[in-house]
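When you read off a place in the sequence shown, starting at 1, and then add 809, the result is the number in our numbering. A short worksheet on the structure shown next.
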Amino acid sequence: MEIKEMKVAVISTDGKVINQHFGKASCFYIFEVGGGKIRLLEVRECTPLCGSVDYGNPEEILNKTISVVSDCKALLCARIGSRPQEELRKKGIEPIEAPYLIDEALNNLSIEE
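As structure tokens, then:
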């Protein structure tokens, strides 16, 4: 049986709990999940979408934010709006609202895969 690994982006303020709205994210925790293993690869910074008027065109900020996680297959967050969900799915990234402990959510994700 082939072990399928994938990258998952997680939005968290503390690296322990998925506790932030997609639009408020200033960073993404990038994990590799698969074969019964979970490994933190890196933390990637981004410009928060909410309040992005100060940083430029909100549409451009959304596209830049999505590009930060473009190599991921899923994105776990506490909440996410319909427009970002739609744009993530167009890029092949599945947005999942999962306001839980990161380990718990990633374990559930790997079991479902």
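Just so you know, even glycine gets a beta-carbon here, dropped at the ideal spot from N, CA and C. Model, not experiment: these values are computed from the prediction.
Residue burial classification, Ser891 (beta-carbon count within 10 angstroms, cutoff 16): For the purposes of this step, residue 891 is taken as the residue at position 82 of the sequence shown. So Ser891 ends up on the exposed side.
Rounding to the nearest angstrom, what Cα-Cα distance links Ile935 and Leu897 in this structure? No information on residue 935 is available, as it lies outside the stretch 810 to 922 that the chain covers here.
Count the other C-beta atoms from every protein chain shown that fall within 10 angstroms of the C-beta of Cys859, then say buried if there are 16 or more, exposed otherwise. The residue you call residue 859 lines up with position 50 of the sequence shown. With fewer than 16 other Cβ atoms within 10 Å, it is exposed.
Sequence-distant residues of the same chain with beta carbon closer than 8 Å to Arg888, five excluded per side: Along the sequence shown, read from residue 1 onward, the residue named residue 888 stands at position 79. His830, Phe831, Glu906, Pro908, listed in sequence order.
Straight-line gap, Glu811 to Gly845 (C-alpha atoms, nearest Å): As a working note, residue 811 is residue 2 in the sequence shown. As a working note, residue 845 is residue 36 in the sequence shown. Any answer about Glu811 is weak, because its pLDDT of 46 lies below 50 and its placement is not dependable; what the coordinates show is given next. Within the model, the alpha-carbon separation for Glu811 versus Gly845 is close to 12 Å.
Could you pull out every unbroken beta strand (DSSP E) segment of at least 3 residues lying fully inside the region 813 to 852, listed in chain order? For the region 813 to 852, whole beta strand (DSSP E) runs of length 3 or above, ordered along the chain, are 815 to 819, 836 to 843.
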